[in-house]
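Enquirer: Residue 33 in numbering that gives the first Met the number 0 sits at position 34 of the sequence shown, and the numbers go up by one each step.
Before anything else, here's the structure in question.
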Amino acid sequence: MKLSHLIILCGSLIGVHGHAENSSKPNIVFIIADDQSYETIRALGHTDIDTPNLDRLTTSGTTFTHAYNMGAWNGAVCVASRTMLITGRTVWHARDMGKTTLNAEREANRLWPQRMAKAGYETYMTGKWHVSTDAAKCFDFSASIRGGMPRDESIAYNRPLAGKPDPWSPSDTNLRGFWDGGKHWSEVVGDESITFLKQAGKSEKPFFMYLAFNAPHDPRQSPKEYVDRYPLDRIKVPANYLPEYPQKDLIGCDPELRDEKLAPFPRDEHAVKVHRQEYYAIITHLDAQIGRILDALEKTGKADNTWIIFTADHGLAVGHHGLMGKQNMYDHSVRVPFIVRGPGVKADAKINAPIYLQSAMATAIDLAQADRNDIEFQSIRPMLAGESKGLDSVYGAYLDLQRAVTHDGWKLILYPEAKLTKLYNLKNDPQEMKDLSADPAMADKKKALFAKLRGLQTDFDDKLDLEAVFPELK
């Protein structure tokens with residue numbers, strides 16, 4: 000792989016500020032949400048939502064404001080994202096591994112938690128896994144391992160319908176979903192995490208925790224007190240709201256895609272508000288569990304030697320651009336929160352340079368001084384130390400139906416099936432509302448971005464022949 004667009008990795012023995020580390024390896028707590036967009040943390044300026052504990056992390060650590068997922072080879076984008084995390088391989092290499100290869104990697108002790116264990120860490124896991132190998136065989140300790148999403152009901156889809164009673168209640172515990180087993184799954188992750196921390200706090204070995212929430216994935220359920228915090232008159236319709244995305248059928252976001260079935264077609268503002276209400280409520284409920292985890296970490300007495308990384312596997316549209324899901328190349332769906340707190344990490348700081356969220360894995364490997372052979376993502380520690388500027392360009396893909404490149408404040412999106420391009424000036428148009436691709440003055444810009452994308456395709460072994468579809472961009 001060419002590394003010209005990636006972060007240059009500093010030596011593993013150098014700390015954030017360039018000093019040799021002591022012999023005591025830091026503890027690492029990795030917290031990952033499911034379907035949580037970058038625009039859902041109040042401390043980062045998104046005042047429509049309440050997230051006091053993520054705010055607490057933000058003000059005590061450094062936020063990477065432009066963290067991206069690379070894409071996916073099927074509609075379950077989280078499978079691709081988490082497979083990349085666990086293996087350290089970029090999107091098409093991760094796809095090509097398959098269940099047999101993943102099991103072989105596990106048996107060879109080459110997956111993320113196993114590399115940490117070989118470096119001397121006790122490893123813990125709870126929550127969502129969604130990787131095609133046995134989680135319990137990857138970690139020293141595990142509990143309440145979940146699948147891709149909670150079991151839901153048919154009444155959770157195609158709602159709410161204008162002028163009709165809504166059959167769904169996000170707080171009805173009889174509707175299964177997140178309440179399967181009797182307690183909300185986010186609370187179970189909180190409980191298991193606290194149990195792990197009590198155990199880890201007594202150990203002489205450093206610990207690595209992989210704490211994976213299913214929230215805020217649908218069905219977006221939370222206790223009534225959380226839903227009540229978001230009356231509909233508090234909810235805003237996104238500025239880039241559309242009743243319907245014009246190219247939805249040609250980019251894999253048609254009404255048969257599960258995520259898109261959640262709300263009626265065409266979208267109306269009331270339905271979008273209801274779905275966003277439930278999205279905010281379950282995130283605030285998740286946030287409360289993160290607060291419990293942070294408190295439990297403090298009680299171990301080991302917080303000062305612990306790195307925390309919080310992120311999500313991808314974002315979500317929830318009404319942006321007429322879309323509901325994550326199977327698109329817009330920032331609301333490819334960008335995620337990414338917060339780092341740890342010894343020597345600047346408090347209440349922001350780094351705007353782009354990274355891939357899977358850098359979380361490479362960073363933990365770096366901190367642990369573990370084997371990084373075949374890991375294709377890069378540690379963010381040089382960026383924290385001001386020694387690297389991050390990615391030159393960001394690659395995005397969904398099946399063979401969408402490709403994108405983001406570079407220097409511009410984004411080019413290609414729809415091969417539709418034979419369409421979209422071009423956005425992200426500096427002037429962060430909501431991606433004004434497509435400039437038809438402007439003759441943008442012809443050179445499109446060609447330059449296309450060349451960047453073709454270079455990234457080569458780097459990541461993307462075999463899709465874009466030049467055959469878009470010869471005018473060569």
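Even glycine gets a Cβ: it sits at the ideal position worked out from N, Cα and C.
Should the region 239-248 be regarded as contacting the region 133-141, the criterion being three or more beta carbon pairs within less than 8 angstroms?
Expert: Flag = no, the region 239-248 and the region 133-141 do not touch.
Enquirer: DSSP has K446 in a bridge; who is on the other side?
Expert: Its beta-bridge partners do not exist; DSSP assigns none.
Enquirer: Is DSSP giving G126 helix, strand or coil here?
Expert: Correct three-state label for G126: strand.
Enquirer: Which residue or residues does DSSP assign as beta-bridge partners of R334?
Expert: In the DSSP output, where bridge partners are listed per residue, R334 has Y67.
Enquirer: Could you check what DSSP says for I307 in three-state terms: helix, strand or coil?
Expert: Residue state, collapsed to three classes: strand.
Enquirer: For A417, would you say it is in contact with chain C, using Cβ-to-Cβ distances shorter than 8 angstroms as the test?
Expert: Considering every chain present, this structure includes no chain C. It has just one protein chain.
Enquirer: By Cβ distance below 6 angstroms, which residues in the same chain neighbour E416 in space, the five residues on each side in sequence not counted?
Expert: If we look at E416 and ignore the five residues flanking it on each side, its Cβ neighbours are L249, L400.
Enquirer: Give me the residue from E386, F459, G321 with the minimum Cα distance to P245.
Expert: Checked all of E386, F459, G321; the closest Cα to P245 is G321.
Enquirer: I need the boundaries of the alpha helix (DSSP H) containing M115, first residue and last residue.
Expert: Segment 111-117, the alpha helix (DSSP H) holding M115.
Enquirer: Could you please give me the residues that DSSP links to T420 through a beta bridge?
Expert: Answer by DSSP bridge pairing, in chain order: L413.
Enquirer: Check N102 in the structure and name its three-state DSSP category.
Expert: Helix.
Enquirer: In whole angstroms, give me the CA-to-CA distance for D286 and W184.
Expert: Cα to Cα, the separation comes out at about 13 angstroms.
Enquirer: For my contact list, H331 and E38 are in at a C-beta cut-off of 8 angstroms; report their separation, rounded to the angstrom.
Expert: Sure, about 7 angstroms apart at Cβ, within 8 angstroms.
Enquirer: Mind checking whether M96 and M83 have CB atoms under 8 angstroms apart?
Expert: No.
Enquirer: Can the beta-carbon of W72 be found less than 8 angstroms from the beta-carbon of R55?
Expert: No, Cβ-Cβ distance for W72 and R55 is not below 8 angstroms.
Enquirer: Flag this pair as touching only if the region 348-361 and the region 289-299 have three or more C-beta atom pairs under 8 angstroms; answer yes or no.
Expert: The answer is no - the region 289-299 does not touch the region 348-361, with fewer than three Cβ pairs under 8 angstroms.
Enquirer: Helix, strand or coil: which one does DSSP assign to H284?
Expert: DSSP places H284 in helix when its eight states are reduced to three.
Enquirer: Put E20 into one of helix, strand or coil per three-state DSSP.
Expert: Note that E20 scores a pLDDT of 38, beneath 50, so its modelled location is shaky and nothing firm can be said.
Enquirer: From which residue to which residue does the beta strand (DSSP E) around I31 run?
Expert: First-last of the beta strand (DSSP E) with I31: 26-32.
Enquirer: At which residues does the beta strand (DSSP E) containing S143 begin and terminate?
Expert: Unbroken beta strand (DSSP E) run through S143: 140-145.
Enquirer: Cβ of V335 within 8 angstroms of Cβ of A311?
Expert: Contact flag set, yes.
Enquirer: Report all residues from its chain with a CB closer than 6 angstroms to the CB of A467; omit the five preceding and five following residues, and keep chain order.
Expert: Closer than 6 angstroms at Cβ, skipping near neighbours: no residue.
Enquirer: Assuming I154 and P166 are in contact, meaning their beta carbons sit under 8 angstroms apart, how far apart are those beta carbons, in whole angstroms?
Expert: Yes, they are in contact, since the Cβ atoms of I154 and P166 sit about 4 angstroms apart, within 8 angstroms.
Enquirer: With DSSP as the reference, label A134 as helix, strand or coil.
Expert: Of the three classes helix, strand and coil, the one that applies to A134 here is helix, per DSSP.
Enquirer: Taking the alpha-carbon positions, what's the L366 to P25 distance?
Expert: Answer to the nearest angstrom: the Cα atoms are 7 angstroms apart.
Enquirer: If distances are taken between C-alpha atoms only, which option among K421, A442, C77 comes closest to F212?
Expert: Per the Cα distances, C77.
Enquirer: Three-state secondary structure (DSSP) at T362?
Expert: DSSP places T362 in helix when its eight states are reduced to three.
Enquirer: Is there contact between the region 213-226 and the region 276-284, where contact requires at least three CB pairs shorter than 8 angstroms?
Expert: Cβ pair count under 8 angstroms is three or more, so yes.
Enquirer: Report the residue from A440, N351, L160 whose alpha carbon sits nearest the alpha carbon of F63.
Expert: Ranking the options by Cα distance to F63, first place goes to N351.
Enquirer: At 4 residues or longer, and completely inside the region 158-217: list those alpha helix (DSSP H) runs for me, N to C.
Expert: DSSP runs (the alpha helix (DSSP H)) wholly in the region 158-217: 184-199.
Enquirer: For G10, count neighbouring C-beta atoms within 10 Å of its own C-beta (all shown protein chains included) and say buried if the count is 16 or more, exposed if not.
Expert: Here G10 scores only 36 on pLDDT, less than 50, and its place in the model should not be relied on; the value that follows carries that caveat. Burial call: exposed.
Enquirer: Are there 16 or more other CB atoms within 10 angstroms of the CB of R233, so buried, or fewer, so exposed?
Expert: Burial call: exposed.
Enquirer: K473: which of D460, F459, T457, A442 sits nearest, CA to CA?
Expert: Comparing Cα positions, the closest option is A442.
Enquirer: Measuring alpha carbon to alpha carbon, tell me which residue in C137, H406, L422, K117 is nearest Q368.
Expert: For Q368, the nearest C-alpha among the options comes from K117.
Enquirer: What span of residues does the alpha helix (DSSP H) with Y397 cover, start to end?
Expert: Y397 -> not in any alpha helix (DSSP H); beta strand (DSSP E) instead, spanning 392-397.
Enquirer: Starting from the Cα of G318, find the closest Cα among G300, P265, D347 and give me that residue.
Expert: Checking every option, the nearest Cα to that of G318 belongs to P265.
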